[in-house]
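Novice: Per numbering that gives the first Met the number 0, the very first residue in the sequence shown carries number 0; after that it's consecutive.
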Amino acid sequence: MQESIRKFGLIGFNIDYSFSKKFFEEKFINENIMNCSYENFDINSIELLLDILKDDNIKGLNVTIPYKESIIKYLNYIDPVAKKIGAVNTIKIDKKNKLNGYNTDYIGFRKTLNNKNSSHKKALILGNGGASKAIIHVLEDLKVKPTIVSRKPSSNTILYEEINKNIIQDNTIIVNCTPVGTFPKVDECPNIPYQYISKNHLCYDLIYNPIKTKFLIKSEKAGAEITNGKKMLENQANESWRIWNS
Numbered sequence: 000m001q002e003s004i005r006k007f008g009l010i011g012f013n014i015d016y017s018f019s020k021k022f023f024e025e026k027f028i029n030e031n032i033m034n035c036s037y038e039n040f041d042i043n044s045i046e047l048l049l050d051i052l053k054d055d056n057i058k059g060l061n062v063t064i065p066y067k068e069s070i071i072k073y074l075n076y077i078d079p080v081a082k083k084i085g086a087v088n089t090i091k092i093d094k095k096n097k098l099n100g101y102n103t104d105y106i107g108f109r110k111t112l113n114n115k116n117s118s119h120k121k122a123l124i125l126g127n128g129g130a131s132k133a134i135i136h137v138l139e140d141l142k143v144k145p146t147i148v149s150r151k152p153s154s155n156t157i158l159y160e161e162i163n164k165n166i167i168q169d170n171t172i173i174v175n176c177t178p179v180g181t182f183p184k185v186d187e188c189p190n191i192p193y194q195y196i197s198k199n200h201l202c203y204d205l206i207y208n209p210i211k212t213k214f215l216i217k218s219e220k221a222g223a224e225i226t227n228g229k230k231m232l233e234n235q236a237n238e239s240w241r242i243w244n245s
């Protein structure tokens, strides 16, 4: 009797560009993983999740923008790390058809910092959307104090206009958690005073397309160590696969 196919996929909106589908399809081929498929579920409302779950062969899902928070109300269980962060990007459907939520962005980002300079004490987080949540928690767990930069005033953020020489020099990690600079708008970059960045800085862009954003180009030119989001994505995808098969 032929083994039924195990289906996995990505839930999001406008996700044609997605890294995940290509990553898993290549993984299945390269590692000779049989009877598995991965597809994009491009939905304009989180309520359509229930239709997707009617397929009993679906065993795991990744979740991306804009559903990392709104998916939580559908879960039967949420991992403590994901609960603390307030965002879920991986769902395991167990043998009882219960939905278990995890955040693999946390481990994906943390692993990329393992071999980095540990002397950093403060970080600037550009953007306060869903993407920044896991980043902030990783930094806090590493005893790095994050300052969040936003376009709109709020009690726990600063404005881009407030970033000056002292702030740049004090915060030796700068992480772009915004979509600014993503393909096709590759000529755009966050509005910060790049002239104050130095060799003491680690500048990190969660964007992976293009490989080197204008933010990274300008930061590198100023002397900073730079990293894009590709390795973080690979780490979090591999962690998702581990969870689905645990």
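Even for Gly, the Cβ is constructed at its ideal location relative to N, Cα and C.
1) Three-state secondary structure (DSSP) at Ala133?
2) In whole angstroms, what separates the C-alpha of Ser154 from that of Ser239?
3) I want to know whether the region 69-78 touches the region 129-146 - three or more CB-CB distances under 8 Å.
4) List, from N- to C-terminal side, the alpha helix (DSSP H) runs of 4 residues or more that fit wholly inside the region 40-117.
5) Whose CA, out of Leu158, Lys144, Met33, lies closest to the CA of Arg246?
6) How far does the alpha helix (DSSP H) with Glu24 in it extend, from its first residue to its last?
7) Would you call the CB atoms of Ala86 and Gly129 closer than 7 Å?
8) Residues in its own chain within less than 7 Å of Arg5 by CB, not counting five upstream and five downstream?
9) Have a look at Met0 and Leu125 and give me their C-alpha separation to the nearest angstrom.
10) Within this structure, are the beta carbons of Ile206 and Thr181 separated by less than 7 Å?
11) Could you please give the first and the last residue of the uninterrupted beta strand (DSSP E) stretch that includes Ala122?
Specialist: Here's the rundown:
1) As a working note, residue 133 is residue 134 in the sequence shown. It is helical.
2) Taking the sequence shown and counting its residues from 1, one reaches residue 154 at position 155. Taking the sequence shown and counting its residues from 1, one reaches residue 239 at position 240. Whole-angstrom Cα-Cα distance: 34 Å.
3) no
4) 48-51, 79-84, 103-111
5) No statement about residue 246 is possible, as the shown extent of the chain runs from 0 to 245 and does not include it.
6) Residue mapping note: residue 24 aligns to position 25 of the sequence shown, counting from 1. From DSSP, the alpha helix (DSSP H) with Glu24 extends over 18-29.
7) Residue numbering aside, residue 86 sits at position 87 when the sequence shown is read from its first letter. Residue numbering aside, residue 129 sits at position 130 when the sequence shown is read from its first letter. Result yes, Cβ atoms of Ala86 and Gly129 sit closer than 7 Å.
8) Taking the sequence shown and counting its residues from 1, the one referred to as residue 5 is at position 6. The residues are Asn34, Cys35, Asn56, Lys58.
9) For the purposes of this step, residue 0 is taken as the residue at position 1 of the sequence shown. For the purposes of this step, residue 125 is taken as the residue at position 126 of the sequence shown. Low per-residue confidence applies at Met0: pLDDT is 48, beneath 50, and the placement is therefore not dependable, though the value from the model is reported in the following sentence. Whole-angstrom Cα-Cα distance: 53 Å.
10) Taking the sequence shown and counting its residues from 1, the one referred to as residue 206 is at position 207. Taking the sequence shown and counting its residues from 1, the one referred to as residue 181 is at position 182. Cβ distance < 7 Å, so Ile206 and Thr181 count as in contact.
11) On the sequence shown, residue 122 is found 123 positions in, with the first residue counted as 1. Note, Ala122: beta strand (DSSP E), 121-125.
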